[in-house]
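If you count the sequence shown from 1, position 63 lands on 71 in the numbering used here, and the numbers rise without skipping.
Report on the structure given below.
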Amino acid sequence: MKTLITLFLLTASLSLVSCNDGKLEKNISMYEKTWNEIINNGDIHLINASNFIDDITLVTSPENIVGIDNFKAYYQNFITGFSDIKFTVIQVFGQDDNIVKHWNFKGNHTGDFFGIPATGKSVDINGVTLVKMKDGKIAQEEDFMDNMVFMQQLGLLPNQENIAIIDGIYEAFGKGDIPTVLGMMTSDIIWNESSSSSYSDGNPYSSPDAVLNGVFKRLGEDNDYFKLENIKLSALGNDQVLATLNYDGKLKKTGETYQTTVVHLWTLKEEKVTAFQQYIGLGKQ
Numbered sequence: 009m010k011t012l013i014t015l016f017l018l019t020a021s022l023s024l025v026s027c028n029d030g031k032l033e034k035n036i037s038m039y040e041k042t043w044n045e046i047i048n049n050g051d052i053h054l055i056n057a058s059n060f061i062d063d064i065t066l067v068t069s070p071e072n073i074v075g076i077d078n079f080k081a082y083y084q085n086f087i088t089g090f091s092d093i094k095f096t097v098i099q100v101f102g103q104d105d106n107i108v109k110h111w112n113f114k115g116n117h118t119g120d121f122f123g124i125p126a127t128g129k130s131v132d133i134n135g136v137t138l139v140k141m142k143d144g145k146i147a148q149e150e151d152f153m154d155n156m157v158f159m160q161q162l163g164l165l166p167n168q169e170n171i172a173i174i175d176g177i178y179e180a181f182g183k184g185d186i187p188t189v190l191g192m193m194t195s196d197i198i199w200n201e202s203s204s205s206s207y208s209d210g211n212p213y214s215s216p217d218a219v220l221n222g223v224f225k226r227l228g229e230d231n232d233y234f235k236l237e238n239i240k241l242s243a244l245g246n247d248q249v250l251a252t253l254n255y256d257g258k259l260k261k262t263g264e265t266y267q268t269t270v271v272h273l274w275t276l277k278e279e280k281v282t283a284f285q286q287y288i289g290l291g292k293q
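Written as structure tokens, this is what we have:
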């Protein structure tokens with residue numbers, strides 16, 4: 009989608025040549041000022057008959073949004089749904105009554121957004137809007153953005169990039185590269201071992217050092233060998249990854265070998281692990 013937007017902007021910039029008769033400049037000035045006040049300053053009442061034609065139309069699926077009241081109700085979701093909003097027009101150009109706007113929207117999802125309760129997530133999304141003006145007023149808009157990325161940033165869709173991060177952690181652990189594993193944790197990580205594990209006596213481990221000393225070092229002290237096998241990863245919403253796997257180890261004290269089925273639930277934020285929860289499934293075999 010990002011490539012599509014870039015190609016679209018390039019094509020539009022070549023085909024829409026700015027006019028210097030003052031009409032385009034006036035339209036752009038009015039448009040930018042109006043939306044800056046609406047989004048950045050929260051002045052939703054500027055969606056009115058002075059700035060928009062009566063049958064202002066937002067071209068969208070499954071059906072268009074038509075009329076000032078409906079248009080205002082639609083954008084009210086952004087004003088109430090997000091705080092610390094920063095709406096930036098990156099580039100704007102056009103011809104006559106047609107405007108192309110390349111924009112960026114940042115905000116924190118702290119309120120109801122089209123019925124979606126606050127997630128506390130931050131969004132940073134780029135998009136393009138095609139605009140038609142009429143008699144100095146905004147007549148029609150059509151937005152283009154990557155909705156999947158937007159939903160992922162809200163934690164409502166799985167983020168596949170998290171799979172690669174957790175896969176890298178398991179790979180580093182398998183190589184004995186513990187510093188890399190610890191480096192992927194936030195300083196205030198909340199790490200919990202299964203309640204049936206002897207290492208749960210330190211729950212919750214609240215720092216990488218605590219995990220190192222309370223879990224990883226004890227694994228090395230207690231086992232002749234300890235391996236992770238048959239790792240399967242699934243991306244979840246809310247920046248979480250679910251892992252199912254087997255432990256294969258041999259206890260130093262008794263010489264007993266064991267295989268254990270376990271589940272790990274990882275929670276991430278900004279490519280770092282903020283929380284870990286272990287669940288032991290079948291016990292020793």
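Heads up, the beta-carbon is just placed ideally off N, CA and C, and yes, glycines get one too.
Does D209 pass the burial test, meaning 16 or more other C-beta atoms within 10 Å, or should it be called exposed?
Residue mapping note: residue 209 aligns to position 201 of the sequence shown, counting from 1. Label assigned to D209: exposed.
Pairing CB atoms from the segment 276–287 with CB atoms from the segment 184–199, are three or more of them under 8 Å?
When Cβ pairs closer than 8 Å are counted between the two stretches, the segment 276–287 is seen to touch the segment 184–199, the count reaching three or more.
Relative to the C-alpha of E278, which residue among D105, V131, E179, F224 is closest?
Here residue 278 refers to the residue found at position 270 of the sequence shown. Nearest of D105, V131, E179, F224 to E278, Cα basis: V131.
So the candidates are T275, D256, G30; which of them puts its Cα closest to the Cα of L241?
Taking the first residue of the sequence shown as position 1, residue 241 is located at position 233. Nearest to L241 by alpha-carbon distance, out of T275, D256, G30, is T275.
Between the CA atoms of W111 and L290 - distance to the nearest angstrom:
Residue 290 sits at position 282 when you count from the first residue of the sequence shown. Residue 111 sits at position 103 when you count from the first residue of the sequence shown. Confidence is the limiting factor: at L290 the pLDDT is only 46, short of 50, which leaves the residue's position unreliable, though a coordinate-based value still follows. A straight line joining the alpha-carbon of L290 with that of W111 spans about 52 Å.
Let me check understanding here. Comparing Cα to Cα, which of D151, I64, L162, E201 lies closest to I124?
Counting from 1 along the sequence shown, the entry for residue 124 is found at position 116. Checked all of D151, I64, L162, E201; the closest Cα to I124 is L162.
Measure the alpha-carbon distance for I288 versus S214 and round it to whole angstroms.
Counted from its first residue, the sequence shown places residue 288 at position 280. Counted from its first residue, the sequence shown places residue 214 at position 206. So the alpha carbons of these two residues sit roughly 21 Å apart.
For I174 and L227, I'd like the C-alpha separation in whole angstroms.
The residue labelled residue 174 in the question sits at position 166 within the sequence shown. The residue labelled residue 227 in the question sits at position 219 within the sequence shown. Rounded to whole angstroms, I174 to L227 spans 20 Å at the Cα level.
Helix, strand or coil, according to DSSP, for S91 in the structure here?
Your numbering for residue 91 matches position 83 in the sequence shown. In this structure, S91 counts as strand in the three-state DSSP scheme.
Cα-Cα separation between S205 and L273, rounded to whole angstroms
Looking up residue 205 in the sequence shown gives position 197. Looking up residue 273 in the sequence shown gives position 265. Approximately 16 Å between the Cα atoms of the pair.
In this structure, does DSSP put D256 in helix, strand or coil?
One-based indexing of the sequence shown puts residue 256 at position 248. Here D256 sits in strand by DSSP.
At the level of alpha carbons, what is the spacing between N200 and V219?
Residue mapping note: residue 200 aligns to position 192 of the sequence shown, counting from 1. Residue mapping note: residue 219 aligns to position 211 of the sequence shown, counting from 1. Straight across, the Cα-Cα distance linking N200 with V219 is about 9 Å.
If contact is defined by three or more beta carbon pairs under 8 Å, each pair taking one atom from either stretch, is the segment 158–172 in contact with the segment 73–85?
Segments in contact, no.
Assuming F181 is part of the alpha helix (DSSP H), what are its boundary residues?
Position 173 of the sequence shown, counting from 1, holds the residue named residue 181. Secondary structure note for F181: its alpha helix (DSSP H) is the uninterrupted segment 169–182.
Own chain residues within Cβ distance below 7 Å of N59, not counting five before or after:
Locating residue 59 in the sequence shown gives position 51, counting from the first residue. Apart from sequence neighbours up to five positions away, the residues of its chain that approach N59 with a beta-carbon distance below 7 Å are T42, K145, I146, ordered along the chain.
To the nearest angstrom, how far is it from the Cα of Q160 to the Cα of N170?
Within the sequence shown, residue 160 is the residue found at index 152, counting from 1. Within the sequence shown, residue 170 is the residue found at index 162, counting from 1. Cα to Cα, the separation comes out at about 11 Å.
Roughly how many angstroms lie between the CA atoms of V271 and G184, to the nearest whole one?
The residue you call residue 271 lines up with position 263 of the sequence shown. The residue you call residue 184 lines up with position 176 of the sequence shown. Going by the C-alpha atoms only, they are around 21 Å apart.
Which of the three DSSP states is assigned to M38 in this structure?
Walking along the sequence shown from the start, residue 38 turns up at place 30. Annotated three-state conformation of M38 is helix, per DSSP.
Based on Cα-Cα distance, which residue from N78, E45, E71 lies nearest to I61?
Here residue 61 is taken as the residue at index 53 of the sequence shown, counted from 1. When only C-alpha atoms are compared, the closest one is N78.
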